[in-house]
Every structure is written in C-alpha cells, then in structure tokens.
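The sequence shown begins at 2 in the working numbering and counts up one residue at a time.
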Amino acid sequence: MVSARGDFDEAISLDSTFFDAQFGRGTYRSAVGRNASLLAWLPLIPSAEEGWQDLQVAALKSRWSRYAALNAMAWFALDDRNFALVDSITSVGLARFPESRSFLWPRMAMYERQEMWTETAQIAELLLKQYSSHPDNNGYETTGLHWRLMQCADSLGKPAEAEAFARAGISAFRTPAAAERRKGKLAEMKKRLERISTEAGQKSGE
C-alpha cells in the first residue's frame, strides 16, 4: 500500500497537471485514513482529510477521472452521514449519466439510511431492471435488490408487494456462487414467505 501511494506521489511530482493521479491517491488516502484511525499518529499513515482534498481536485480538474472521483466522494460522504452532500454529488453525476449505477447505488443507500422507503424502492427497481437485462447478470445483485424491495414494501405497509418481491427473488436466476454468497438474503425471503403461509393457516383455522 505504501508503494502504491509512492507511485501516485511520483506521478504527481512529475506532472502537477496529471490530476487523474490525484484521484488514485485521494481514494487511497481516504480509505486508509478512515480505516487506520488508531494508527494516525504514525508518519506513513495518510489522513482522510488529505484524501478528500485530492478527490476534490480530481473532481474539478481531472480529464478522465472526474466522475470516478465524485463516486468515491459520494461513498465517503455517506460514511459520514452527510446526506446533503451525497444528494448533491449524486445529482451532479446523474445529470450527466442518468442511468449510471455508480451514482444510483450511493443515492439509493442515502435514501435507505434515512428510511425513505418509497425513494429507495424507486431506485432499486431501476437497478433491478438494469441488472436483470445485463448479459453478464449472475444473480448476485438481483437477489439483493429483490430482498431490498421486499424490505421497502414491508416498511411501507404493503405486505402483498413484499410477498411478490420475495417470490420473485427466490425464483430469479442466479449462479451457484451467487446463491452461496446471498444465502442470508435468500433465507430471509424464504422466511418471509413462510410467515405468509403460517398467517394464512391460522386464519383458515379460525
């Protein structure tokens, strides 16, 4: 990791106008600075603030990495629960690339963390449509999105929709590897349907 930072530093020192390197260094600094806060006193540990400054430069001046820098900034702002900033950044990205998953994902996460279930579901449905029609869809993301839509429907007091999303999620295509990685979400969707069956049985016995 130190070597990677050195490569970025060298690239920037050789050409101060190579702002794409600022994106790489900024992402590195931000990630390490946030995850190594207990070691911040060490001289080789960068700070998250330094990384943020690099990302700002890349977002403003980079030729190739502007939107990648904005994407990274959106996720770091989300970690800080700075929802106003996430909203601003993702709005800029989606204004340029309306169907970009790079900005739909953090925007959906922003709504989800604020328990704005209608808005979360709207973006989840857009993403589900994209992944379902993608030729390389392995079912990993679609499984998670069906689960998320089930959660949104339940939170909005729409049990029939929640059941429909659970059924669709269980029956949707996925590779064995994706099924293994998503076994927790699949188990929750199956449990949701079992609850429906149990409630129906109780009503019929009354």
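For each residue, glycine too, the CB sits at the ideal point set by N, CA and C.
Mind checking whether residue i and residue j have CB atoms under 8 Å apart?
i: Ala179; j: Phe166; result: no
i: Arg183; j: Arg175; result: yes
i: Ser31; j: Trp53; result: yes
i: Arg149; j: Ala125; result: yes
i: Pro107; j: Leu61; result: no
i: Ala49; j: Arg35; result: yes
i: Phe24; j: Ala59; result: yes
i: Met109; j: Val87; result: no
Considering only residues of the same chain and omitting the five flanking positions on each side of residue i, which have a CB-CB separation below 6 Å?
i: Ala173; result: Thr143
i: Ala163; result: Met151, Ala154, Asp155
i: Asn72; result: Ser103
Rounded to whole angstroms, what's the CA-CA distance from residue i to residue j? Just pull it up for me.
i: Pro160; j: Arg196; result: 11 Å
i: Trp76; j: Leu194; result: 33 Å
i: Val33; j: Leu56; result: 14 Å
i: Ser133; j: Thr91; result: 23 Å
i: Trp42; j: Arg67; result: Since pLDDT at Trp42 reaches only 45, below the 50 mark, its modelled position is unreliable, and no value is offered.
i: Asn138; j: Leu105; result: 17 Å
i: Thr28; j: Trp65; result: 15 Å
i: Val93; j: Glu189; result: 35 Å
i: Ser63; j: Trp118; result: 35 Å
i: Glu116; j: Ala122; result: 11 Å
i: Tyr141; j: Phe20; result: 34 Å
i: Gly185; j: Glu113; result: 19 Å
i: His135; j: Glu51; result: 38 Å
i: Ala70; j: Leu187; result: 34 Å
i: Glu120; j: Phe84; result: 14 Å
For residue i, which three-state DSSP category applies?
i: Ile114; result: The amino acid at residue 114 is misidentified as Ile; the sequence shows Arg. Arg114 falls in the helix class under three-state DSSP.
i: Phe174; result: coil
i: His135; result: coil
i: Ser63; result: coil
i: Ser156; result: helix
i: Gly94; result: helix
i: Ser89; result: helix
i: Phe20; result: coil
i: Ser31; result: helix
Using 7 Å as the cut-off, classify the Cβ of residue i as near or not near the heavy atoms of the ligand GDP, replying yes or no.
i: His135; result: As far as ligands go, the structure on display features none, and thus does not contain the ligand GDP.
Return the Cβ separation of residue i and residue j in integer angstroms, given the expectation that the two are a contact with Cβ distance under 8 Å.
i: Leu209; j: Leu157; result: Absent from the structure is residue 209, since the part of the chain shown begins at 2 and ends at 207.
i: Lys192; j: Ile171; result: That pair is no contact at about 11 Å.
i: Glu100; j: Gln131; result: 7 Å
Return the chain-ordered list of same chain residues with a C-beta closer than 8 Å to the C-beta of residue i, the five sequence neighbours on each side being excluded.
i: Leu95; result: Ser101, Phe104, Leu105, Arg108
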